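Q:
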Amino acid sequence: MAQRPNLLSHLQDLVTKFKNMTMAQDRFKFVFTANEAALEGVTDPIRLPNLIRKAMCLARAPISKYKVGAVGRASSGRVYLGVNVDFPGLPLHHSIHAEQFLVTNLALNYEKDLCKLAVAISTDGLEFGTPCGNCLQFLMEMSNALDMKILSKPKHEAGSFSSLRLLLPNVLPKGSPFLLEKRYNCLTLSGSAGEICSLDCSHLKRRALAAANNSFSTYTESPSGVALLDNDGNWYRGWYIESVASNPSLGPVQAALVDFVARSRGKMFNKIVQAVLVEKNNASVSQERTAKIILDTIAPNCDFKVFHCSVDCAKRLKYLRETLVIDTLGDYTGLHY
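The sequence shown begins at 1 in our numbering and counts up by one.
(1) Tell me which residue opens and which closes the alpha helix (DSSP H) that Asp296 is part of.
(2) State buried or exposed for Ser160, treating a residue as buried only when at least 16 other CB atoms are found within 10 Å of its CB.
(3) Thinking C-alpha only, which one of Ala98, Asn35, His156 and Val119 is nearest Arg78?
(4) Alpha carbon to alpha carbon, how far is Gly330 from Arg207?
(5) Would you give the residue range spanned by the alpha helix (DSSP H) that Gly133 belongs to?
(6) For the candidate residues Ser215, Ser224, Asn213 and Arg263, whose alpha-carbon lies nearest to that of Tyr236?
(7) Pull up the CB-CB distance for Leu117 and Leu90, whole angstroms please, since I reckon it's below 8 Å.
(8) Are there 16 or more other CB atoms within 10 angstroms of the CB of Leu250, so buried, or fewer, so exposed?
(9) Is Leu164 helix, strand or coil by DSSP?
(10) Taking the Cβ atom as the reference point for each residue, do Lys205 and Val261 lie within a distance shorter than 8 Å?
(11) Considering only their Cβ atoms, is the gap separating Ile298 from Phe87 smaller than 8 Å?
(12) DSSP puts Glu279 in a beta bridge; with which residues?
(13) When you compare each of Thr33, Val85 and Phe307 to Ser75 by their alpha carbons, which one comes out closest?
(14) Where Val103 and Leu187 are concerned, what is the direct C-alpha to C-alpha distance, given to the nearest angstrom?
(15) What residue ranges within the segment 21 to 62 form continuous alpha helix (DSSP H) runs of no fewer than 4 residues, ordered along the chain?
(16) At the level of alpha carbons, what is the spacing between Glu221 and Thr123?
(17) Tell me which residues share the same chain as Asp312 and place their Cβ nearer than 6 Å to its Cβ, disregarding the 5 neighbours each side in the sequence.
(18) Measuring straight from C-alpha to C-alpha, what distance separates Ile121 and Glu157?
(19) Where Ser64 and His94 are concerned, what is the direct C-alpha to C-alpha distance, given to the nearest angstrom?
(20) For Glu181, count neighbouring C-beta atoms within 10 Å of its own C-beta (all shown protein chains included) and say buried if the count is 16 or more, exposed if not.
(21) Going by DSSP, which residues form a beta bridge with Tyr236?
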């Protein structure tokens, strides 16, 4: 007589498999809800370091061999990870700092601010301190910079938060635009760029245009966006984030690669098979050559295309009417590209 399967044993096997799948998924997690963060031991901001080892394990540092992790909390209650990313074969100035990664992660998830930040400054993840000058500049250009707190924690001692404004005061002139502010650049594809070249290309083109419309380029008015496609048909996007200090600016390819690292579940860059850049024709700052250099190096089989865009005046006027103050003469104030 055939033996009946043990239902309890079967259910236990299913639960074990589910737990293993969940653990594997969590390994590549870069965004945590408040409840998920609490399960990791982050029940209040002073406990952000509880996620630092997870962040450091996700860093990609084949050149420096120095893995940096950053953990930040937004006012929404969500907790974000940031990691440093090196690109073999490319100059170091193309690398992404952990704090830049984290801020870009916030932007890609449409967060409005960063309230608390913990950055590991030791290889064992036990010591926390001030971000580098490059990243301090990047952080100071956020709308809530004056209220942002940075964790300082020597090894084996209690930590405390210090105000970012004490570390880098008076960095921006009054009236300056801020990172993470909602943007719409009113861009449309130019000329034949709007024609369909293939289904994948058309899809990426639209994604790249949408990214360019989110781009923060108030100083050079050179918004741009990039969309990537991997070998499994998953897409990623990112946009140019400009700094008033120029050098800390993050290019659209790097921003899209932040999305790739955060969502591709550990895939290598050579799995990127298509890329589209959308930028203004004759822009003061063009991303085309730099984007090609990066992609040729890290994803040599990637098909890279560039399309140009321009400001749609009708969309711009409609946007201004809906969001900005227009005086009786038809002039407008407060506009930032």
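We put the CB at the ideal spot given by N, CA and C, even for glycine. Please read all numbers here as calculations on a predicted model, not as lab measurements.
A: Taking the geometry as given:
(1) Glu288 to Ile298
(2) exposed
(3) Asn35
(4) Interpretation of Gly330 is limited by its pLDDT of 46, a score under 50 that renders its predicted location unreliable; the figure taken from the coordinates is listed afterwards. Cα-Cα distance, rounded: 33 Å.
(5) Gly133 to Met140
(6) Arg263
(7) About 27 Å; that fails the 8 Å criterion.
(8) buried
(9) helix
(10) no
(11) yes
(12) Ser224 and His308
(13) Thr33
(14) 24 Å
(15) 34 to 39 and 52 to 58
(16) 39 Å
(17) Cys186 and Thr188
(18) 14 Å
(19) 13 Å
(20) exposed
(21) Leu228
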